[in-house]
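In what follows, a structure is listed as structure tokens, so that the remarks can point back to it.
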Amino acid sequence: MKVLSYVLFVALALSTVGCGTFTRVERDVYTITEIDTTVASHVQNQPNDRNNGVIYPSSRTIAIDRKITQRDSVKERFYPGFIRLGVFEGIGLIGSSINKHSTYTGLFGLYYDIDRLLYSDKYRLDTTESALFSGYIYRFGIGEWKIHWFNEDPNWTWGITAFESIRPDANIDNALAGISVLTIRKRFYLSSKIPYIAITPALSLSAFPSQYVNASVSADIGSIAGVNLRLYTGYVFGQPSFTPPTNFITFPYLGLGVSMMDFLNREEELDVEWKYHEHSGWEIGGVDGLLLGGNVDASFFDPTQTGDQRPALTGFSVRVLNARIALPVLDHRLTVGTSLINFLAMGNTEYGIGVLPIRVSYFSNPLNNAFVAEPFVEFNYAPSTFVHLGVRGALPISDQLSLQIVAAYASGSTGSAMELGLDTEPVPGGISDPTKFNAFYIGIGASFFDRIFHKGELRYGKGYPHE
102 MKVLSYVLFV ALALSTVGCG TFTRVERDVY TITEIDTTVA SHVQNQPNDR
152 NNGVIYPSSR TIAIDRKITQ RDSVKERFYP GFIRLGVFEG IGLIGSSINK
202 HSTYTGLFGL YYDIDRLLYS DKYRLDTTES ALFSGYIYRF GIGEWKIHWF
252 NEDPNWTWGI TAFESIRPDA NIDNALAGIS VLTIRKRFYL SSKIPYIAIT
302 PALSLSAFPS QYVNASVSAD IGSIAGVNLR LYTGYVFGQP SFTPPTNFIT
352 FPYLGLGVSM MDFLNREEEL DVEWKYHEHS GWEIGGVDGL LLGGNVDASF
402 FDPTQTGDQR PALTGFSVRV LNARIALPVL DHRLTVGTSL INFLAMGNTE
452 YGIGVLPIRV SYFSNPLNNA FVAEPFVEFN YAPSTFVHLG VRGALPISDQ
502 LSLQIVAAYA SGSTGSAMEL GLDTEPVPGG ISDPTKFNAF YIGIGASFFD
552 RIFHKGELRY GKGYPHE
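Residue numbering for the sequence shown follows the numbering used here, beginning at 102 and increasing consecutively.
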């Protein structure tokens, strides 16, 4: 019954988020009237010879034919219907601990220790070393729409977060979770140019599965290519669940947050057609996936086969929530970008995980069509540390799908102090130092929910005030 309740509430949350419109459609209906008049003039000569001295009556006849045709014409215009629409936001909390040590998730609540994450290292899980960030807040599926309060006072919004998780510390009894969390916000804009800067008071209410109130104020920068940065201060109070035994918890917090694929419209932009909206990035993507073949000792999928027995397919790569922001140099083709998560596994011990890596690339169209060639260099600094450089080719086959091929080299450290033994259990040490790796690879795959823009679609080079 409890599982059924959770399923029903998830469905309710998704349906509630869908209650707000994402696109507003305006239709102008015209009646077009066409009038066509045909005038036919006919002259019939007399059948006999004419005496030039005698004037005969005119034989001209005129026929007028008028036709009227009416038809309806519908003109549709599409506008954004939302103030904010986001996929994910992560916030690292400072000073939120109640009665337990930190969750050790670091900045933005995203930088897990790799051995805790992959191997559940009991020694590190039991460690109680000090940490600046005590916990985290995760939000998935964020939507906001305008509300007409206080005589149309601007920048008031109501919003729904499909799922929210709040962990003030590592004590699971202090964890809060909300489905279909209601939020009221008021934005005070300090800058009206992209990326926007705003101060935003907010009040969030959750009824299930935890009951809590989250009052906060944030300083926001963004959105630019779907990327936002936020500084929070807030106070949370509530109880983790309906059913006893439960406890009432309260805690203040400071927070540093980042959100990806999170788009913000000012109220004035709701009256600008979608086709006229400005774009700041060359590419915005959901998920990239590649199958890799590299010069590694053993395949990630079958580490027991080495040497000549090693399969051609040695690993894979996944990047989640990607953005490429155009820079105002080199005809705006030089970009800086990032991904929420970058998981590169070229082989059994040649792997790395990057959270919000820094990627510099150059977008070009060598064939003067939709095909994109992108040389890139990428620095992944945590939880693994490695440099990743190569060339990527991408061919969009629809607005949300691109095929791609990548040839690249990666070198660095996994960030792990563990080695997988033959019994697949993590053991310390290792004579070959598996924490270090370097390898070349070639990968083939696809990008899903991916949009690659053209030069003419960017907001640069058009004489806008921000240039």
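The beta carbon of each residue, even a glycine, is placed where N, CA and C say it ideally should be.
Just so it is clear, the structure is predicted and the values come from calculations on it, not from any experiment.
What's the call for N443, buried or exposed, on a 16-neighbour Cβ count within 10 Å?
That one is buried.
Out of A495, S485, G182 and Y542, which has the shortest C-alpha to C-alpha gap to G516?
Among A495, S485, G182 and Y542, the Cα nearest to that of G516 belongs to S485.
Grab the span of the beta strand (DSSP E) containing A141 for me, first residue to last.
T124 to V144 is the span of the beta strand (DSSP E), which, as asked, contains A141.
Name the one or two DSSP bridge partners that W257 has.
K287, per the DSSP bridge assignment.
Using the beta-carbon count (16 or more within 10 Å), is T405 buried or exposed?
Around the beta carbon of T405, a 10 Å sphere encloses fewer than 16 other beta carbons of the protein chains shown; the residue is thus reported as exposed.
Given Q386, which residues of its chain have a CB within under 6 Å of its CB, disregarding the five upstream and five downstream residues?
The residue asked about is misnamed: residue 386 is Gly in this sequence, not Gln. For G386, same chain residues with a beta-carbon under 6 Å away, outside a window of 5 residues either side, are N423, S548 and D551 in chain order.
Opposing strand residues paired with W246 [DSSP bridges]:
Per DSSP, the beta bridge partners of W246 are W259.
Under three-state DSSP, which class holds Y377?
In the three-state scheme derived from DSSP, where H, G and I count as helix and E and B as strand, Y377 is classed as helix.
How about G236 and T206: are their beta carbons less than 9 Å apart?
Closer than 9 Å, so yes.
Cβ-based burial, K223 [other Cβ within 10 Å; buried from 16]:
Below a pLDDT of 50, predicted positions are generally treated as unreliable, and K223, at 49, falls in that range; the measurement from the model is reported next regardless. K223 is exposed by the Cβ-count criterion.
In terms of alpha-carbon separation, which member of Q501, F487, G323 and L504 lies closest to T536?
Looking at the Cα atoms, F487 is the closest of the given residues.
Neighbour-count burial assignment, A271, 16 or more Cβ in a 10 Å radius
With 16 or more other CB atoms across the displayed protein chains lying within 10 angstroms of its CB, A271 is buried.
List the whole-angstrom C-beta distance separating P341 from D274, where the pair is believed to meet the contact cut-off of C-beta under 8 Å.
P341 to D274, Cβ: 7 Å. Contact.
Closer than 6 Å by C-beta to I543: which residues in its own chain qualify, once you throw out the five before and the five after it? Chain order, please.
G394 and A508.
Assuming contact is defined by CB atoms lying nearer than 9 Å, are H380 and L186 in contact in what I supplied?
No.
Straight-line gap, D389 to G453 (C-alpha atoms, nearest Å)
Straight-line measurement puts the Cα of G453 at about 16 Å from the Cα of D389.
DSSP state of T525 mapped onto helix, strand, coil:
With a pLDDT of 43 at T525, under the threshold of 50, the modelled position of this residue cannot be trusted; read the value that follows with caution. In the structure shown, T525 sits in coil (DSSP, three-state: anything other than H, G, I, E or B).
Between which two residues does the beta strand (DSSP E) containing I273 stretch?
Per DSSP, I273 belongs to no beta strand (DSSP E) and is neither H nor E.
Would you identify the three-state DSSP class for L559, choosing helix, strand or coil?
L559 falls in the strand class under three-state DSSP.
Does the pairing of the segment 470-479 with the segment 428-435 give three or more beta-carbon distances under 8 Å?
Segment contact: the segment 470-479 against the segment 428-435, fewer than three CB-CB distances shorter than 8 Å; contact not assigned.
DSSP state of G210 mapped onto helix, strand, coil:
Helix at G210.
Any chance you could list the beta strand (DSSP E) runs of at least 3 consecutive residues sitting entirely within the segment 317-377, in chain order?
As far as the segment 317-377 is concerned, its whole beta strand (DSSP E) runs of at least 3 residues are 328-340 and 350-365.
Which same chain residues end up closer than 6 Å to Y131 when comparing Cβ atoms and leaving out the 5 residues on each side of it in sequence?
Here the set comprises S174.
Report the partner residues of G236 according to the DSSP bridge assignment.
Its beta-bridge partners are L194.
State the Cα-Cα distance for the pair V456 and R128, rounded to the nearest angstrom.
Their Cα atoms are separated by approximately 44 Å.
Could you give the C-beta distance for G416 and G448, rounded to a whole number, given that I count them as a contact under 8 Å?
The Cβ separation is near 6 Å, so the contact holds.
Assuming L277 contacts S311 under a Cβ cut-off of 8 Å, what Cβ separation, rounded to an integer in Å, is found between them?
4 Å between Cβ atoms; contact.
For H143, tell me which candidate among I238, Q501, I165 and I248 has the shortest Cα-Cα distance.
Measuring from the Cα of H143, the nearest candidate turns out to be I165.
Inspect the beta-carbon positions of N252 and R367 and report whether they are closer than 9 Å.
Cβ distance not < 9 Å, so N252 and R367 don't count as in contact.
According to DSSP, simplified to helix, strand and coil, what is R217?
R217: helix per DSSP, three-state reduction.
In terms of residue numbering, what span does the beta strand (DSSP E) encompassing Q505 cover?
Taken as a continuous stretch (DSSP letters only), the beta strand (DSSP E) holding Q505 covers L502 to S514.
If you drop the 5 nearest sequence neighbours on each side, which residues of the same chain put their C-beta closer than 8 Å to that of A413?
Cβ neighbours of A413 beyond the five flanking positions: G394.
Excluding the 5 residues flanking D500 on each side, which residues of the same chain have their C-beta closer than 8 Å to its C-beta?
These residues qualify, in order along the chain: R552.
Please confirm if the segment 312-320 is in contact with the segment 371-378, defined as three or more CB-CB distances below 8 Å between the two stretches.
They do not touch, by the three-pair rule.
Taking 9 Å as the threshold (C-beta atoms), are L371 and R125 in contact?
Contact: yes.
Measure the Cβ-Cβ separation of R286 and T258 and say whether it is below 9 Å.
Yes, these two residues count as a Cβ contact at 9 Å.
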